[in-house]
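K.L.:
Residues in the sequence shown are numbered from 1 upward in steps of one, following the numbering used here.
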Amino acid sequence: MPTISSKRKYIAPIIAILIICGLAVSIYMLRGYSPYVIKSSLVGNPQIVLALEDVEIVGRSDGQKTWSFAADKASVSRGRYRTEFISIRDGKLFDNNKVVASVSAGKAVYDASNGNVEVSKGVKVASIHGYKAEADKALWSAYLSQLRCPGTVKLTSEESSLVGQDLLLDAKNRDVTLKKAKLVVSVSEIP
1 MPTISSKRKY
11 IAPIIAILII
21 CGLAVSIYML
31 RGYSPYVIKS
41 SLVGNPQIVL
51 ALEDVEIVGR
61 SDGQKTWSFA
71 ADKASVSRGR
81 YRTEFISIRD
91 GKLFDNNKVV
101 ASVSAGKAVY
111 DASNGNVEVS
121 KGVKVASIHG
131 YKAEADKALW
141 SAYLSQLRCP
151 GTVKLTSEES
161 SLVGQDLLLD
171 AKNRDVTLKK
181 AKLVVSVSEI
191 P
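Given below as structure tokens:
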């Protein structure tokens, strides 16, 4: 029958063996884990360097807020020249820090290399004065200071509407062109 002293001499080696086995199992289980490694399930487009969800973006000019909107997703490309926003909602346009219009769209792409913006998948703008505009797509050219809306464009007020094709707004010349325009005016609005 083993004595207490003979049992004590086996306790230390048994504890050491258990600790070594525990370390070996931990190292084996955590061998693939690194806080600096991105999981393959999270890796998407290698051209995207930053992807954010549920973001709010604010644009300013001379320290004053000029526009803002929330988007479900935003992604910035490698080189930071292209930024894409998905599901734009709660957009606002400001004049002297006061909201003048609300905006929503399915997608917007900003190209920092030339300052152009392409908004697509259903563009809707509503002013605080009751005017509304709808288009499938809107393209802003910063260099030309032009807004193009290819396809059908619908402008409405409370009792009148203007529907046409291929809107072109030239901000430099203060000129607006709309092809195949059809104007519907309520008789009650005519004096």
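All C-beta atoms, glycine included, are put in the ideal place defined by N, C-alpha and C.
With DSSP as the reference, label Ile128 as helix, strand or coil.
P.N.:
coil
K.L.:
Just reading off the beta strand (DSSP E) that Ser75 is part of, what are its end residues?
P.N.:
For Ser75, the enclosing beta strand (DSSP E) covers residues Gln64 to Ser77.
K.L.:
Closer than 7 Å by C-beta to Asp111: which residues in its own chain qualify, once you throw out the five before and the five after it? Chain order, please.
P.N.:
Tyr81 and Arg82
K.L.:
By a C-beta neighbour count over all protein chains shown, 10 Å radius and 16 as the cutoff for buried, is Val184 buried or exposed?
P.N.:
It counts as exposed.
K.L.:
Are the CB atoms of Asp90 and Ala74 nearer to each other than 8 Å?
P.N.:
no
K.L.:
If distances are taken between C-alpha atoms only, which option among Val109, Ser113 and Val119 comes closest to Val103?
P.N.:
Val119
K.L.:
Assuming Leu169 contacts Leu147 (C-beta within less than 8 Å), just tell me the rounded distance between them.
P.N.:
4 Å
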